[in-house]
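Enquirer:
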Amino acid sequence: MNKFFSLLVFGFVLLLASATAEAQFIEDALRYSIPNGIITPRVAGFNVSYHGLSDDIGALMYNPAGLTLASGSEISVGFGFTHNSTETDYLNMKSPLNTNDEIITHLGIIVPLDEKNKKASVGIGYFLESNFENNMEFNAFNPSSTMIAWKASQGGTFDDNFAANLFLADKNFKTPITDSLMQSSFIQEKGGLHNLTGGLAYDISDVISVGFSIVGKWGTYKYTKDYTETDIYNKYSYWDSTNFTNVDFNQLLLTESFIADISGISGSVGFQARLMESLRFGVTIKLPTWYEISENSSQFAISHFDKGDTLQFNLSGRTTYNVTTPFVYCAGISFNFEGLTLAGGVEYSDASQIEFSQATTQVEQLNKDILQQLTGQVTYGFGAEYKLPVFPAFIRASYAMTTSPYIDNNPNSNLSIISFGAGLFVGEKVRLDALVRMRDFTDKRINYGTLAYNFTTKPVDFGLQLTYRY
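With our numbering, the residue at position 106 of the sequence shown is 1402, and numbering never jumps.
1. Given that a residue counts as buried once 16 or more other Cβ atoms are within 10 Å of its Cβ, and exposed if not, what is Pro-1622?
2. Would Gly-1566 and Gly-1578 be called neighbours here (beta carbons separated by less than 9 Å)?
3. Starting from Phe-1458, trace the beta strand (DSSP E) in both directions and tell me its first and last residue.
4. Where Gly-1495 and Leu-1670 are concerned, what is the direct C-alpha to C-alpha distance, given to the nearest angstrom?
5. Quick check: the segment 1476 to 1492 against the segment 1342 to 1354, are there 3 or more CB pairs under 8 Å?
6. Could you name the residues that DSSP lists as bridge partners for Pro-1408?
7. May I have the straight-line CA-CA distance separating Ser-1440 from Ser-1476, to the nearest angstrom?
8. Contact check, Glu-1425 vs Pro-1331 under 8 Å by CB: the rounded distance?
9. Confirm, please, whether the CB-CB distance from Glu-1398 to Phe-1377 is below 9 Å.
10. Using C-beta distances below 6 Å, list every residue in its chain close to Thr-1753, excluding the 5 sequence neighbours before and after it, in chain order.
11. Would DSSP call Trp-1446 helix, strand or coil?
12. What does the Cβ neighbour count give for Ala-1317, buried or exposed, with the cut at 16 atoms within 10 Å?
13. I'd like the ranges of any beta strand (DSSP E) spanning at least 3 consecutive residues and lying wholly in the segment 1641 to 1691.
14. With which residues is Asn-1618 paired in a DSSP beta bridge?
15. Verify whether the separation of the beta carbon atoms of Ile-1713 and Thr-1698 is less than 9 Å.
16. Contact defined as beta carbons within less than 8 Å: I believe Gly-1640 pairs with Phe-1678. What is the distance between those atoms, to the nearest angstrom?
17. Could you have a look at Gly-1451 and say whether DSSP puts it in helix, strand or coil?
18. I need the straight-line Cα distance from Leu-1728 to Tyr-1682, nearest angstrom please.
19. With distance defined between alpha-carbon atoms, name the residue in Gly-1759, Leu-1638, Ser-1709 and Leu-1731 nearest to Leu-1349.
20. Classify Thr-1763 as buried or exposed, calling it buried when 16 or more other Cβ atoms lie within 10 Å of its own Cβ.
21. Short of 6 Å in beta carbon distance, which residues of its chain neighbour Glu-1485, apart from the five on each side in sequence? Order them along the chain.
22. Compare the Cα-Cα distances from Tyr-1587 to each of Glu-1323, Ile-1322 and Tyr-1328 and report the closest residue.
23. Considering only DSSP beta bridges, list what Tyr-1386 is partnered with.
24. Within the continuous beta strand (DSSP E) that includes Ile-1558, where are the two ends?
25. Grouping DSSP H, G and I as helix and E and B as strand, with all else coil, what is Asn-1750?
26. On the criterion of 16 or more Cβ atoms from any shown chain inside 10 Å, does His-1600 qualify as buried, or is it exposed?
27. Can you give the Cα-Cα distance for Gly-1719 and Asn-1435, rounded to whole angstroms?
28. For Asp-1739, tell me which candidate among Gln-1761, Arg-1733 and Leu-1711 has the shortest Cα-Cα distance.
29. Among the residues of its own chain, which have a CB less than 6 Å from the CB of Asp-1466, if the five just before and after it don't count?
30. Since Asp-1324 is in the beta strand (DSSP E), which residue starts that stretch and which ends it?
31. Check whether the Cβ atoms of Thr-1585 and Thr-1620 sit closer than 9 Å, and answer yes or no.
32. For Leu-1607, tell me which candidate among Ser-1417, Ser-1505, Met-1357 and Leu-1464 has the shortest Cα-Cα distance.
33. Which term fits His-1379, buried or exposed, when burial requires 16 or more other beta carbons within 10 angstroms of its beta carbon?
34. If you draw a straight line from the alpha carbon of Ala-1340 to that of Phe-1596, how long is it in whole angstroms?
35. Exposed or buried, Gly-1279, counting other C-beta atoms within 10 Å across all chains shown (16 or more means buried)?
What follows is the structure, given as structure tokens:
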């Protein structure tokens, strides 16, 4: 490629590349509607079966009616450590990647109230509702397609199509670079969804309590994808300036990123019955969460040619939109007998009711895709806890499963969780709780067009919680 010509074009490209880059998908809405946080190490020890207990600071997130079960005032804080193990499968080439992350899981307090000789309690707590930390990579030779050709086929205008801007496609968006490139990518996801929850519970009788909570949410989601396509076999070796049947292409470097600032509000109402001093049953309705999301996105690309010439492309933009999540209906039951507690719980939400609003026409078109692709989602599980007969300690274990929200369900995309935990009383007022939680989840992401990569993530969570009751 002629160097003088490339420099001339380079200036023209930078002048024109000012259109808006947008990056909203169904996955964005699901990310904010399906929590994955520990909440508290004791809660995570039971997983969804904690709906059958709801008897400490975790009740703020599961069933606020259980706040009155706390004996006296309670202060609780927790910490977590996650070892992420992700394996990406792209074009039958598997790439493993391991990373670590440290978090504060929660900090909260419960205070009892004396309301006309009936028990009432208020609570307030901070929780890390979701942790977005994840990293993936893949590297494979693709003999049949390229991102360059896919992007060229999208057409549009010169200032928003990097294939045309970088002279990898002609003015009619035709390109000879259609196959036989090495494709590599490294994807980073960071951030989290935090919440501050306040709740009030009241015993309307000796066996029945009711409660409600108000939840304020905020957080950040950061996504960066570094992607390359390389002509490792030098198939594209000369510049055909007449018919554009070939181009002296060497490599495309592409970085796509966006940062989403998230804020939202929600709440819940709960009911809990305590029967025969050993049987507990609860029902919770979690109200829809209304999110406002402000997103900054960018796309930066460089094309390298065999003779050393390069061209650059920049595209950035900002957009805001709202997401409303569906109701979540929850129930749980537990039974205690001679130191053994058995618990079970279930949650249901209709993912097809997720809705984008106050957005561009293109983003709101996702609402149609949501109705066509998403369905009801169920989380169910059971847990057990045993109080050791001599030592002042508990041991616990649980299992939970969350079904895929997609109609076209891949059985491997169900989320399974196995947890083990223990509690130790240090004196009469202090309890330490420890957690080991193992998750297993498979999903797919689109690289470009319909070409996807599957990834299996198996994070292991460790948690430690300190609770002081006085």
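Ideal placement from N, C-alpha and C gives every residue a C-beta, glycine not left out.
Expert: Let me lay it out:
1. As a position in the sequence shown, residue 1622 is number 326, starting the count at 1. Classification of Pro-1622: buried, given that the 10 Å Cβ count is 16 or more.
2. Here residue 1566 corresponds to residue number 270 of the sequence shown, with the count starting at 1. Here residue 1578 corresponds to residue number 282 of the sequence shown, with the count starting at 1. The answer is yes: Cβ separation under 9 Å.
3. Residue mapping note: residue 1458 aligns to position 162 of the sequence shown, counting from 1. Not the beta strand (DSSP E): Phe-1458 falls in the alpha helix (DSSP H), residues 1458 to 1461.
4. Counting from 1 along the sequence shown, the entry for residue 1495 is found at position 199. Counting from 1 along the sequence shown, the entry for residue 1670 is found at position 374. Using only the alpha carbons, I get a separation of about 32 Å.
5. no
6. Here residue 1408 refers to the residue found at position 112 of the sequence shown. Paired residues: Ser-1417.
7. Counting from 1 along the sequence shown, the entry for residue 1440 is found at position 144. Counting from 1 along the sequence shown, the entry for residue 1476 is found at position 180. Taking the straight line from one Cα to the other gives about 6 Å.
8. Working through the sequence shown from its first residue, we reach residue 1425 at position 129. Working through the sequence shown from its first residue, we reach residue 1331 at position 35. Rounded, the Cβ-Cβ distance is 5 Å, consistent with contact.
9. Against the sequence shown, residue 1377 aligns to sequence position 81. Against the sequence shown, residue 1398 aligns to sequence position 102. Cβ distance < 9 Å, so Phe-1377 and Glu-1398 count as in contact.
10. Looking up residue 1753 in the sequence shown gives position 457. Thr-1382 and Phe-1737.
11. Along the sequence shown, one-based indexing puts residue 1446 at 150. It is helical.
12. Taking the first residue of the sequence shown as position 1, residue 1317 is located at position 21. With a pLDDT of 45 at Ala-1317, under the threshold of 50, the modelled position of that residue is not reliable, and the figure given next carries that caveat. Ala-1317 is buried by the Cβ-count criterion.
13. 1651 to 1653 and 1672 to 1683
14. Locating residue 1618 in the sequence shown gives position 322, counting from the first residue. According to DSSP, which records beta bridges pairwise, Asn-1618 is partnered with Glu-1588 and Ser-1653.
15. Taking the sequence shown and counting its residues from 1, the one referred to as residue 1713 is at position 417. Taking the sequence shown and counting its residues from 1, the one referred to as residue 1698 is at position 402. In contact: Ile-1713 and Thr-1698 (Cβ atoms closer than 9 Å).
16. As a first step, residue 1640 is located in the sequence shown; it is residue number 344 there, counting from the start. As a first step, residue 1678 is located in the sequence shown; it is residue number 382 there, counting from the start. The pair is a contact, with the Cβ atoms about 4 Å apart (cut-off 8 Å).
17. Residue numbering aside, residue 1451 sits at position 155 when the sequence shown is read from its first letter. Gly-1451: coil per DSSP, three-state reduction.
18. Residue 1728 sits at position 432 when you count from the first residue of the sequence shown. Residue 1682 sits at position 386 when you count from the first residue of the sequence shown. Cα-Cα distance, rounded: 15 Å.
19. The residue you call residue 1349 lines up with position 53 of the sequence shown. Answer by Cα proximity: Leu-1638.
20. Counting from one through the sequence shown, the residue named residue 1763 turns up at place 467. Looking at its Cβ environment, which holds 16 or more other Cβ atoms inside 10 Å, Thr-1763 is buried.
21. Start at 1 with the first residue of the sequence shown, and residue 1485 comes out as number 189. Contacts found: Phe-1428, Asn-1430 and Tyr-1519.
22. Along the sequence shown, read from residue 1 onward, the residue named residue 1587 stands at position 291. Comparing Cα-Cα distances from Tyr-1587 to each of Glu-1323, Ile-1322 and Tyr-1328, the minimum goes to Tyr-1328.
23. Along the sequence shown, read from residue 1 onward, the residue named residue 1386 stands at position 90. According to DSSP, which records beta bridges pairwise, Tyr-1386 is partnered with Met-1389.
24. Numbered from 1 along the sequence shown, position 262 holds the residue referred to as residue 1558. Start and end: 1545 to 1571.
25. For the purposes of this step, residue 1750 is taken as residue 454 along the sequence shown, with counting starting at 1. In the structure shown, Asn-1750 sits in a strand (DSSP, three-state: E or B).
26. Counting from 1 along the sequence shown, the entry for residue 1600 is found at position 304. So His-1600 counts as buried.
27. Against the sequence shown, residue 1719 aligns to sequence position 423. Against the sequence shown, residue 1435 aligns to sequence position 139. Their Cα atoms are separated by approximately 44 Å.
28. Position 443 of the sequence shown, counted from the start, is the residue given in the question as residue 1739. Ranking Gln-1761, Arg-1733 and Leu-1711 by Cα distance to Asp-1739 puts Leu-1711 first.
29. Locating residue 1466 in the sequence shown gives position 170, counting from the first residue. The answer, listed in chain order, is Phe-1540.
30. Counted from its first residue, the sequence shown places residue 1324 at position 28. From DSSP, Asp-1324 is part of no beta strand (DSSP E) but of the alpha helix (DSSP H) over 1322 to 1329.
31. As a working note, residue 1585 is residue 289 in the sequence shown. As a working note, residue 1620 is residue 324 in the sequence shown. Closer than 9 Å, so yes.
32. Position 311 of the sequence shown, counted from the start, is the residue given in the question as residue 1607. Closest by alpha carbon: Leu-1464.
33. Reading the sequence shown from its first residue, position 83 is the one you call residue 1379. That one is exposed.
34. The residue you call residue 1340 lines up with position 44 of the sequence shown. The residue you call residue 1596 lines up with position 300 of the sequence shown. Near 41 Å, if we compare the C-alpha coordinates of Phe-1596 and Ala-1340.
35. The structure shown does not extend to residue 1279, since the chain is modelled only from 1297 to 1766, so the question has no answer here.
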